[in-house]
Amino acid sequence: MFSSTKTVTSTSSFSEHKEWLGEQIAEADYVLIGAGAGLTTAAGIDYAGEDFRREFREWIDRYGITDLYSAGFYPFKTDEERWAMWAKHIWFSRYRTGALPLYKELLKRVDGKDYFVITTNVDGQFEMAGFDAERIFATQGDYCYFQPASGAPKELYHNREWVERALPAIRNCRIPTELIPHTPDGQPVSMNLRCDDTFVEDEHWHRQAQRYSDFVRTASDKRLLLLEFGVGFNTPVIIRFPFEQMATHFPDATLVRFNRDYPQPSLQGVKSLIAFTEDINRIIW
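Residue numbers (my numbering): 117 to 401.
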């Protein structure tokens, strides 16, 4: 394991970097993956790119929406408009592509290792790619779930069937009133995405949080490889800062950071960090 802080920016030795990463994974007793939005962007989903502009042209022209993130907060005047957008949004982000190749390749890299995944992404890519669902902690929710809008009871509802009914019914950026989603007992729903204090942390969420804590505790004095992909400063207290703290305080932990824009450590004293600013695909594949 390395015991230094280094940023790798060269694009001339991808094969060496790939080989080095393979060696680190092979030597590790435990592999902890932390994934932010940059991983899904690298995998091919761009919430403001060409695919977005093609699929959401009607919403862009009608409402001036510029990207999917801000679309989630747009003040639509009616529920029919709001849920038409969400039907399209959920389909685009969760069901359209299936498992992306980069996630499948990442699974191949850690297959057979004692691994765990913590992610702020809400697109379900790790599970779709075949990662063990019991080894994934999606802290911020998942596009595939509705929850009670009030936050109670602490229950989630799969939405794929609703999306498949709502999508073909969209006309002029609206769905029929009878397709506005509700809980089984008729209460309003919202997306299970963390945006305020109504976010539902159900039994599964708490079970995965405990599994994550148990994994970190078990690996704390072992050879731990921290693989951090595309994590910025939107919610750094979930992955970025804790990973740096582990790389600082755990005796045999190495942090490998893939981040084009923010490769350097945020905390002082990080003793074992290798940061890559290169395209994630070039190192993982």
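The beta carbon of each residue, even a glycine, is placed where N, CA and C say it ideally should be.
Can you pull the DSSP bridge partners for Arg310? Residue numbering aside, residue 310 sits at position 194 when the sequence shown is read from its first letter. In DSSP, Arg310 forms no bridge with anything.
Inter-residue spacing [alpha-carbon to alpha-carbon] between Glu221 and Gln241: Counting from one through the sequence shown, the residue named residue 221 turns up at place 105. Counting from one through the sequence shown, the residue named residue 241 turns up at place 125. Each residue's alpha carbon lies about 12 Å from the other.
Mind listing, in chain order, the continuous beta strand (DSSP E) runs of no fewer than 3 residues lying wholly within the region 233 to 292? For the region 233 to 292, whole beta strand (DSSP E) runs of length 3 or above, ordered along the chain, are 252 to 254 and 257 to 264.
What are the boundary residues of the beta strand (DSSP E) that includes Thr334? Counting from one through the sequence shown, the residue named residue 334 turns up at place 218. For Thr334, there is no enclosing beta strand (DSSP E); the residue is part of the alpha helix (DSSP H) that begins and ends at Glu319 to Ala335.
Can you give me the start and stop residues for the beta strand (DSSP E) that Phe392 sits inside? The count along the sequence shown starts at 1 and reaches residue 392 at position 276. Residues Leu389 to Phe392.
Taking the beta strand (DSSP E) that Leu223 belongs to, which residues open and close that run? Locating residue 223 in the sequence shown gives position 107, where the first residue counts as 1. From DSSP, Leu223 is part of no beta strand (DSSP E) but of the alpha helix (DSSP H) over Pro217 to Val226.
Per DSSP, Val105 forms a beta bridge with which residues? Outside the shown range of the chain, which is 117 to 401, sits residue 105, and nothing can be said about it.
To the nearest angstrom, how far is it from the Cα of Pro297 to the Cα of Glu277? Walking along the sequence shown from the start, residue 297 turns up at place 181. Walking along the sequence shown from the start, residue 277 turns up at place 161. Going from the Cα of Pro297 to the Cα of Glu277 covers about 11 Å.
What did DSSP end up calling Ala164 once you bin it into helix, strand or coil? In the sequence shown, the residue the question calls residue 164 occupies position 48. Coil at Ala164, not helix or strand.
Report back the beta-carbon spacing between Ile379 and Ala391 to the nearest angstrom; my notes put them in contact at under 8 Å. Residue mapping note: residue 379 aligns to position 263 of the sequence shown, counting from 1. Residue mapping note: residue 391 aligns to position 275 of the sequence shown, counting from 1. At residue 379 the sequence reads Pro, which differs from the Ile that was named. Sure, about 4 Å apart at Cβ, within 8 Å.
Arg173 - DSSP class collapsed to helix/strand/coil: In the sequence shown, counting from the first residue as 1, residue 173 sits at position 57. Three-state DSSP puts Arg173 in a helix.
Helix, strand or coil, according to DSSP, for Leu184 in the structure here? Here residue 184 is taken as the residue at index 68 of the sequence shown, counted from 1. Three-state result, Leu184: helix.
How many angstroms separate the CA atom of Phe118 from the CA atom of Ser388? Here residue 118 corresponds to residue number 2 of the sequence shown, with the count starting at 1. Here residue 388 corresponds to residue number 272 of the sequence shown, with the count starting at 1. Caution is warranted here: a pLDDT of 40 is assigned to Phe118, below 50, making its placement in the model unreliable, and no coordinate value can be reported.
DSSP puts Ala159 in a beta bridge; with which residues? Translated into positions along the sequence shown, residue 159 becomes position 43. In the DSSP secondary-structure assignment, Ala159 is not bridged to any residue.
Phe253 and Lys204 - do their beta-carbons sit closer together than 8 Å? For this step, residue 204 is matched to residue 88 along the sequence shown. For this step, residue 253 is matched to residue 137 along the sequence shown. No, these two residues do not count as a Cβ contact at 8 Å.
Which whole-angstrom value describes the C-beta separation of Ile396 and Phe374, a residue pair presumed to lie in contact below a C-beta threshold of 8 Å? Stepping through the sequence shown from its first residue, residue 396 is reached at position 280. Stepping through the sequence shown from its first residue, residue 374 is reached at position 258. A Cβ-Cβ separation of about 5 Å places Ile396 in contact with Phe374 under the 8 Å criterion.
Can you find the residues in the same chain that come closer than 6 Å, C-beta to C-beta, to Thr314, ignoring five residues on each side of it along the sequence? Counting from 1 along the sequence shown, the entry for residue 314 is found at position 198. For Thr314, where only same-chain residues beyond five positions count, the Cβ hits under 6 Å are Gly267.
Helix, strand or coil for Leu371 per DSSP? Residue mapping note: residue 371 aligns to position 255 of the sequence shown, counting from 1. Three-state result, Leu371: strand.
Cut-off 7 Å between Cβ atoms - residues of its own chain near Ser336, not counting five sequence neighbours on either side: Mapped onto the sequence shown, residue 336 falls at position 220. A distance below 7 Å between beta-carbons, with the five flanking residues on each side excluded, links Ser336 to the following residues of its chain, in chain order: Phe366.
Give the straight-line distance between the Cα atoms of Pro300 and Ala200, rounded to the nearest whole angstrom. Residue mapping note: residue 300 aligns to position 184 of the sequence shown, counting from 1. Residue mapping note: residue 200 aligns to position 84 of the sequence shown, counting from 1. Rounded to whole angstroms, the separation of the alpha carbons of Ala200 and Pro300 is 20 Å.
Sufficient close CB pairs (3 or more, under 8 Å) joining the region 274 to 293 to the region 187 to 200: Contact between the region 274 to 293 and the region 187 to 200 is present, because at least three Cβ pairs lie under 8 Å.
Please list, in chain order, all residues of the same chain as Trp202 whose beta carbon is under 7 Å from its beta carbon, the five residues on each side excluded. Locating residue 202 in the sequence shown gives position 86, counting from the first residue. Once the five neighbours on either side are set aside, the close Cβ partners of Trp202 are Met307.
Does the contact criterion of 3 or more C-beta pairs under 8 Å hold for the region 172 to 188 versus the region 233 to 240? The region 233 to 240 and the region 172 to 188 do not touch, with fewer than three beta-carbon pairs separated by less than 8 Å.
Would you say Val218 and Ala142 are within 8 Å of each other, going by their C-beta atoms? Taking the sequence shown and counting its residues from 1, one reaches residue 218 at position 102. Taking the sequence shown and counting its residues from 1, one reaches residue 142 at position 26. Reading the sequence as shown, one finds Leu at residue 218 and not Val. It is not a contact, given that the beta carbons lie outside the stated cut-off.
Who are Val305's beta bridge partners in DSSP? By one-based count along the sequence shown, residue 305 stands at place 189. DSSP output for Val305 lists Pro264 as bridge partner(s).
Can you give the Cα-Cα distance for Gly180 and Lys270, rounded to whole angstroms? Along the sequence shown, one-based indexing puts residue 180 at 64. Along the sequence shown, one-based indexing puts residue 270 at 154. Taking the CA atoms as reference points, Gly180 sits about 35 Å from Lys270.
Output yes or no for whether 8 Å exceeds the beta carbon distance between Asp230 and Tyr146. As a first step, residue 230 is located in the sequence shown; it is residue number 114 there, counting from the start. As a first step, residue 146 is located in the sequence shown; it is residue number 30 there, counting from the start. Going by C-beta atoms, Asp230 is nearer than 8 Å to Tyr146.
Assuming Pro381 is part of the alpha helix (DSSP H), what are its boundary residues? Here residue 381 refers to the residue found at position 265 of the sequence shown. Element bounds for Pro381: n/a, residue is neither H nor E.
Go through its chain and collect everything with a Cβ distance to Phe247's Cβ below 7 Å, but skip five positions before and after it. Counting from one through the sequence shown, the residue named residue 247 turns up at place 131. So the qualifying residues of the chain are Leu223 and Val233.
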